[in-house]
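S.K.: My questions all concern the structure below.
Protein chains: 2
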Amino acid sequence: MSSRPSTVVLMSAPPPGAQRALRLDDYLPYRLSVAANAVSQLIARAYVDRFGLTVPQWRLMAVLGEDSPLTPQALCGRTIMDKVTVMRAARGLLQRRLLRRQPNAADGRSHQLSLTATGERMYAEVAPLALKYEATLLAGIEAADVARLGQWLRRLQHTAAALTEGGTGPAR
Amino acid sequence: MSSRPSTVVLMSAPPPGAQRALRLDDYLPYRLSVAANAVSQLIARAYVDRFGLTVPQWRLMAVLGEDSPLTPQALCGRTIMDKVTVMRAARGLLQRRLLRRQPNAADGRSHQLSLTATGERMYAEVAPLALKYEATLLAGIEAADVARLGQWLRRLQHTAAALTEGGTGPAR
DNA sequence: GGAGACTGGTTACATCTGAAACTTTCTCTG
DNA sequence: CAGAGAAAGTTTCAGATGTAACCAGTCTCC
Numbered sequence: 000m001s002s003r004p005s006t007v008v009l010m011s012a013p014p015p016g017a018q019r020a021l022r023l024d025d026y027l028p029y030r031l032s033v034a035a036n037a038v039s040q041l042i043a044r045a046y047v048d049r050f051g052l053t054v055p056q057w058r059l060m061a062v063l064g065e066d067s068p069l070t071p072q073a074l075c076g077r078t079i080m081d082k083v084t085v086m087r088a089a090r091g092l093l094q095r096r097l098l099r100r101q102p103n104a105a106d107g108r109s110h111q112l113s114l115t116a117t118g119e120r121m122y123a124e125v126a127p128l129a130l131k132y133e134a135t136l137l138a139g140i141e142a143a144d145v146a147r148l149g150q151w152l153r154r155l156q157h158t159a160a161a162l163t164e165g166g167t168g169p170a171r
Numbered sequence: 000m001s002s003r004p005s006t007v008v009l010m011s012a013p014p015p016g017a018q019r020a021l022r023l024d025d026y027l028p029y030r031l032s033v034a035a036n037a038v039s040q041l042i043a044r045a046y047v048d049r050f051g052l053t054v055p056q057w058r059l060m061a062v063l064g065e066d067s068p069l070t071p072q073a074l075c076g077r078t079i080m081d082k083v084t085v086m087r088a089a090r091g092l093l094q095r096r097l098l099r100r101q102p103n104a105a106d107g108r109s110h111q112l113s114l115t116a117t118g119e120r121m122y123a124e125v126a127p128l129a130l131k132y133e134a135t136l137l138a139g140i141e142a143a144d145v146a147r148l149g150q151w152l153r154r155l156q157h158t159a160a161a162l163t164e165g166g167t168g169p170a171r
């Protein structure tokens, strides 16, 4: 299906060189941001309400639930969060005794984080709920399409990161 | 490295009812959030650097560039932003004389916002650049797929909004 | 083996953001 | 047409976020 049925007769197939108009509503970065916001909002609220977890805290638990112990450093990589963010999230979880912190034999500056028994118990509740939310959101989209969506999101992320990094956006 | 060998094997095709494990990396809300962040980052930086515009300001200009005048109220709807956010963005643009503010004959509480000549001129630079960024990000994805991606994002957004709203997430 | 560069983690600060309270105007109803 | 209730816009305040400075332990290379 062509993206612009016929209403916009003049633009339906933008001639090479001619810019199509900027319509915020059809602008992908905008759509992406808005969709991500809505989804984040939904899930964030659920986790605050039910478990008192912020999003960064939730992410730490999700990662540590499947692989632990890890250093804050490693957690940054896995969650794509700033080290300050990881730090703060970890502090909160440590205070609630959901996380344990052990010295890192290999490097004195660092330490190892892992879930406590209480943490594990919470994880056991948190994880299925997360999956339910995902399932609800994706209900009615075919598995193959979900996979593709995931691919594209990854791809967009990497392209954007590369451009940010290199500082070389589209020509000025 | 793989923390849980056996689970992985068992999961490849989740039997109905059995939850698959939660892997943050494959978790769609996470992917969405991370991708949106990367893209936002990229574009936000570009606009701050080149035009001194924040994202909310940029959105106002984008909307007003194609349809104006509009009330703050209407802008909230069009940009899916909080009224406080719209307010602040507008204030900034008004100070820079990119926006004009006229009384709203129909409703004394409100007013009409539109781009000034300077604003229009900036818009004329801003819009093509935005489209270039979009094109760069999407380079190599077929038009049909781009359209689909847009559809899904809309759909996710609406589903999420509906759930947030109704407060009825997946069963507790 | 020690000086300098570096890296992991932490803290401090300035900014941004959103919820709630407030003011003015409008609308509806008796 | 007066008063109650709602809505638009604004201000205020508390919490979250990210950047930059900071400290301590580690690496490297002469």
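Sequence lines, in order, name chains A and B. Residue 0 is where the first sequence starts when you use numbering that gives the first Met the number 0, and the numbers rise one by one after that. Residue 0 is where the second sequence starts when you use numbering that gives the first Met the number 0, and the numbers rise one by one after that. Even for Gly, the Cβ is constructed at its ideal location relative to N, Cα and C. Here the structure is a predicted model, which is why all the values come from computation and not from measurement.
Less than 8 Å between the CB atoms is what I'm expecting for GLY64/B and LEU27/A, so what's the real figure, rounded?
M.R.: With 8 Å as the limit, GLY64/B and LEU27/A do not qualify as a contact, their Cβ atoms being about 17 Å apart.
S.K.: Below 7 Å CB to CB, which residues in the same chain sit around ARG96/B once its five sequence neighbours on both sides are set aside?
M.R.: Once the five neighbours on either side are set aside, the close Cβ partners of ARG96/B are THR115 and THR117.
S.K.: Along the chain, which unbroken stretches of the beta strand (DSSP E) at least 3 residues long are found entirely within the region 76-145 of chain B?
M.R.: Fully enclosed beta strand (DSSP E) runs of 3 or longer: 98-102 and 110-114.
S.K.: Indicate whether at least one CB of chain B lies closer than 8 Å to the CB of ARG99/A.
M.R.: Chain B contact via Cβ: absent.
S.K.: Buried or exposed for GLY55/B, please, with buried defined as at least 16 other CB atoms from any protein chain shown within 10 angstroms of its CB.
M.R.: Here the sequence assigns Pro to residue 55/B, which means Gly is not the residue at that position. Buried.
S.K.: Along the chain, where does the alpha helix (DSSP H) containing ALA175/B start, and where does it finish?
M.R.: What is shown of chain B runs 0 to 171, which leaves residue 175/B out entirely.
S.K.: So if DSSP puts LEU59/B in a beta bridge, which residue, or which two residues, is it bridged to?
M.R.: Partner(s): none; LEU59/B has no beta bridge.
S.K.: Of all the CB atoms in chain B, is at least one closer than 8 Å to the CB of GLY118/A?
M.R.: No, no contact with chain B.
S.K.: By a C-beta neighbour count over all protein chains shown, 10 Å radius and 16 as the cutoff for buried, is GLN101/A buried or exposed?
M.R.: By the neighbour-count rule (16 or more Cβ atoms within 10 Å), GLN101/A is not buried but exposed.
S.K.: Hey, does GLY76/B have any beta-carbon neighbour from chain A nearer than 8 Å?
M.R.: With 8 Å as the cut-off, GLY76/B does not count as an interface residue toward chain A.
S.K.: Between ARG99/A and SER109/A, is the Cβ-Cβ spacing less than 8 Å?
M.R.: No, the pair does not count as a contact, with Cβ atoms beyond the cut-off.
S.K.: Pull out every residue of the region 23-34 of chain B whose Cβ sits closer than 9 Å to any Cβ of chain A, in chain order.
M.R.: So the close ones are LEU23, ASP24, ASP25, TYR26, LEU27, PRO28, TYR29, ARG30, LEU31, SER32, VAL33 and ALA34.
S.K.: Does DSSP put LEU199/A in a helix, a strand or coil?
M.R.: Lying before the first or after the last residue shown, residue 199/A is absent from chain A, which here runs from 0 to 171.
S.K.: Starting from the Cα of ASP24/A, find the closest Cα among VAL83/B, ILE79/B and ALA138/B and give me that residue.
M.R.: Of VAL83/B, ILE79/B and ALA138/B, the residue nearest in Cα terms is ILE79/B.
S.K.: Anything in the region 118-132 of chain A with a Cβ closer than 9 Å to a Cβ of chain B? List those residues in chain order, please.
M.R.: Hits within the stretch, in order: TYR122, VAL125, ALA126, PRO127, LEU128, ALA129, LEU130, LYS131 and TYR132.
S.K.: Just to confirm before moving on: does the CB-CB distance between ALA45/B and TYR132/B stay below 8 Å?
M.R.: Yes, Cβ-Cβ distance for ALA45/B and TYR132/B is below 8 Å.
S.K.: Using 8 Å for Cβ pairs, my map puts LEU130/B next to ARG30/A. What's the rounded Cβ distance?
M.R.: At roughly 14 Å, the Cβ-Cβ gap does not stay under 8 Å, so LEU130/B and ARG30/A are not in contact.
S.K.: For a quick check, are the C-beta atoms of ALA126/A and LEU152/B less than 8 Å apart?
M.R.: No, the pair does not count as a contact, with Cβ atoms beyond the cut-off.
S.K.: Is DSSP giving ARG147/A helix, strand or coil here?
M.R.: Helix.
S.K.: At a Cβ cut of 9 Å, what residues of the region 141-163 of chain A count as close to chain B, listed as they run along the chain?
M.R.: Those residues of the region 141-163 of chain A that come within reach of chain B (Cβ to Cβ, closer than 9 Å) are ASP144, VAL145, ARG147, LEU148, GLY149, TRP151, LEU152, ARG153, ARG154, LEU155, GLN156, HIS157, THR158, ALA159, ALA160, LEU162 and THR163.
S.K.: Going by alpha carbons, who is nearest to GLY107/A out of THR70/A, ASP48/A, ALA89/A and SER32/A?
M.R.: Comparing Cα positions, the closest option is THR70/A.
S.K.: Determine whether the beta carbon atoms of ALA160/B and ALA37/A lie at a separation below 8 Å.
M.R.: Their beta carbons are under 8 Å apart, which means ALA160/B touches ALA37/A by this criterion.
S.K.: Does LEU69/B get closer than 8 Å to chain A when you measure Cβ to Cβ?
M.R.: No, its Cβ sits nowhere closer than 8 Å to a Cβ of chain A.
S.K.: Can you tell me whether ALA160/B is helix, strand or coil according to DSSP?
M.R.: Note: ALA160/B maps to helix in three-state DSSP.
S.K.: Quick check: the Cα distance between MET60/B and LEU21/A, rounded to an integer number of angstroms?
M.R.: So the two alpha carbons sit approximately 11 Å from each other.
S.K.: Does chain A have any CB closer than 8 Å to the CB of SER39/B?
M.R.: True, the Cβ-Cβ gap to chain A drops below 8 Å.
S.K.: State the DSSP-derived secondary structure class of ARG154/A, mapped to helix, strand or coil.
M.R.: In the structure shown, ARG154/A sits in a helix (DSSP, three-state: H, G or I).
S.K.: Measure the CB-CB distance between THR53/B and LEU162/A and report whether it falls below 8 Å.
M.R.: No, they are not a contact pair.
S.K.: Classify LEU74/B as helix, strand or coil using the three-state DSSP reduction.
M.R.: Correct three-state label for LEU74/B: helix.
S.K.: Measure the alpha-carbon distance for GLY51/A versus ARG147/B and round it to whole angstroms.
M.R.: One C-alpha to the other measures close to 36 Å.
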